[in-house]
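Heads up: the sequence shown begins at 130 in the numbering used here, then just goes up one per residue. Read through the structure below, which is laid out as structure tokens, and then see the notes.
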Amino acid sequence: MNHSQQGTYVGCFINNETEHALSGTILYDFRKMTSALCQDTCSESGFRYAGLEYGAECHCGNRVCAQRARGEDCNLDCRGEKGSPCGGVGRMSVYRVEDRLPGQRRCEGNQTNHTSPYDLDYYWVYSTPVLDATCKERRFLPQKSSTLVALSSFPGAGNTWLRHLIELATGFYTGSYYFDGSLYNKGFKGEKDYWQSGRVICVKTHESGQREIEMFDSAILLMRNPYRSLMAEFNRKCAGHLGYASDVHWRSKEWAEFVDSYSSWWVSHALAWLRFAHRLLVVHFENVQKDLVPQLKTISAFLNTSISEERLLCTESNRDGHFKRSGSRSLTFDPFTPEMRARIDEYIRTVDKVLRDRNLSGLPQEYMPR
């Protein structure tokens with residue numbers, strides 16, 4: 130097999146559930162994966178290494194974290210390029226990406242005409258659009274945790290987005306009580322792990338039954354304005370994670386029935402976790418949007434993990450990820466009838482009172498009925 134791509138072929142490495150060779154971004158292309166495509170993808174994302182496995186999977190990372198395997202174990206051709214190694218079963222062909230991005234280049238050799246910035250009247254600082262890979266490497270917990278932490282939310286509250294932020298900030302995968310193949314394909318490797326494995330830093334759940342809540346040792350309860358949550362979840366049901374429902378959907382009987390059942394679920398979900406959780410941190414979606422770094426520090430302290438300033442800065446620069454609906458679609462009418470609003474406003478008051486009765490901060494002022 131030849132190794133004639135732009136990068137340097139490093140070798141064949143073990144890659145399995147217990148030993149991950151590269152722990153950054155993953156790309157799947159089961160029809161036309163090539164070594165060049167994988168290397169370009171990793172280079173453009175700011176990674177130093179590109180790895181190929183099973184003939185169709187591309188992995189990126191900044192360091193190789195597994196043991197070297199026999200060269201002949203990487204015996205699968207790339208699906209889109211005969212004669213080029215794309216790993217094997219549990220084996221990864223790893224390349225060092227040679228072409229550095231502008232944000233990764235450094236001055237070489239001895240430099241002349243040094244000027245201190247303090248000798249200048251002013252100077253410009255430029256920020257390049259190159260994505261920072263400092264926080265993109267993630268892994269499973271090095272030792273299985275005996276503490277099970279829930280990341281609980283009502284659907285549409287931004288659970289996936291907060292998982293993305295927690296993974297970037299801590300460097301550890303999050304898991305899920307469910308399995309969403311589309312999220313796994315976007316890099317949430319913990320999605321496939323059994324939710325009680327103890328290998329992830331927290332576990333996504335929308336459950337609200339007492340038995341399900343008490344299976345967790347502690348929980349982060351992510352809350353969002355119910356009006357926003359209901360609309361986000363209805364958009365997802367009608368048009369997927371990143372799409373928008375049409376005007377026809379918003380005016381339909383389906384929307385009215387959705388509000389009737391889901392608004393009562395919003396209040397019952399919050400009250401159940403406030404009542405039955407053994408140890409609880411309440412986080413508001415809107416506060417994470419406004420004060421990302423302080424909120425992540427609070428969350429990491431609750432998770433009993435430390436995060437570096439470098440990872441926090443990297444998380445800030447990659448905060449949206451691929452989990453934000455593009456653009457904005459403003460409705461020309463209010464989809465909530467007066468009857469719907471009266472019912473939802475009462476639910477808001479109920480949750481706010483229970484929070485305050487437990488000596489917690491009440492709901493953000495923007496939730497409150499006017």
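C-beta: ideal position from N, C-alpha, C; glycine also.
Query                                                                                                                                                        : Result
Around the C-beta of Glu-186, are 16 or more other C-beta atoms found within 10 angstroms, so that it is buried, or is it exposed?                           : buried
Going by alpha carbons, who is nearest to Ser-152 out of Asp-169, Gly-140, Thr-434, Phe-301?                                                                 : Phe-301
Going by beta-carbon coordinates alone, are Cys-167 and Ala-179 separated by less than 8 Å?                                                                  : yes
Between the C-alpha atoms of Cys-349 and Lys-315, what's the straight-line distance to the nearest angstrom?                                                 : It should be pointed out that residue 349 corresponds to Ile in this sequence rather than to Cys. Spanning the two alpha carbons is a distance of roughly 23 Å.
Is the beta carbon of Glu-444 less than 8 Å from the beta carbon of Leu-280?                                                                                 : In the sequence under discussion, the amino acid at residue 444 is Thr, which differs from the Glu named in the question. Taking 8 Å as the Cβ cut-off, Thr-444 and Leu-280 do not qualify as a contacting pair.
Using CA atoms only, rank isn't needed, just tell me which of Tyr-138, Arg-177, Ser-282 is closest to Trp-394.                                               : Ser-282
In terms of alpha-carbon separation, which member of Tyr-307, Met-344, Lys-321, Gly-319 lies closest to His-335?                                             : Tyr-307
Kindly give me the distance between the Cβ atoms of Phe-346 and Leu-277, rounded to whole angstroms, as I take these residues to be in contact under 8 Å.    : Here the sequence assigns Asp to residue 346, which means Phe is not the residue at that position. Asp-346 to Leu-277, Cβ: 5 Å. Contact.
Rounded to whole angstroms, how far is the Cβ of Phe-431 from the Cβ of Arg-353, which I believe are closer than 8 Å?                                        : About 19 Å; that fails the 8 Å criterion.
One question on the structure: do Arg-220 and Ile-143 come within less than 8 Å of each other, judged by their Cβ atoms?                                     : yes
So who's on the other strand from Phe-301, going by DSSP bridges?                                                                                            : Arg-268
Check whether the Cβ atoms of Val-139 and Val-193 lie closer than 8 Å to each other.                                                                         : yes
Using C-beta distances below 6 Å, list every residue in its chain close to His-398, excluding the 5 sequence neighbours before and after it, in chain order. : Phe-283, Ser-337
Which of the three DSSP states is assigned to Ile-143 in this structure?                                                                                     : strand
Quick check on Gln-424: buried or exposed, where buried means 16 or more other Cβ atoms within 10 Å of its Cβ?                                               : buried
Would you tell me roughly how many angstroms separate the C-alpha atoms of Glu-237 and Met-360, rounded to the nearest one?                                  : Unreliable positioning characterises Glu-237 in this predicted model, as indicated by a pLDDT of 44, which lies under 50. A coordinate reading is not provided.
Are the C-beta atoms of Ser-305 and some chain C residue less than 8 Å apart?                                                                                : No chain C appears in this structure, which consists of one protein chain only.
Check the DSSP bridge columns for Cys-189 and list the partner residues they point to.                                                                       : Ala-179
Go ahead and pull the three-state DSSP assignment for Ile-436.                                                                                               : coil
For Arg-380 and Met-344, what's the separation of their Cα atoms in angstroms?                                                                               : 40 Å
Measuring only the C-alpha atoms, how far is Glu-266 from Lys-273?                                                                                           : 19 Å
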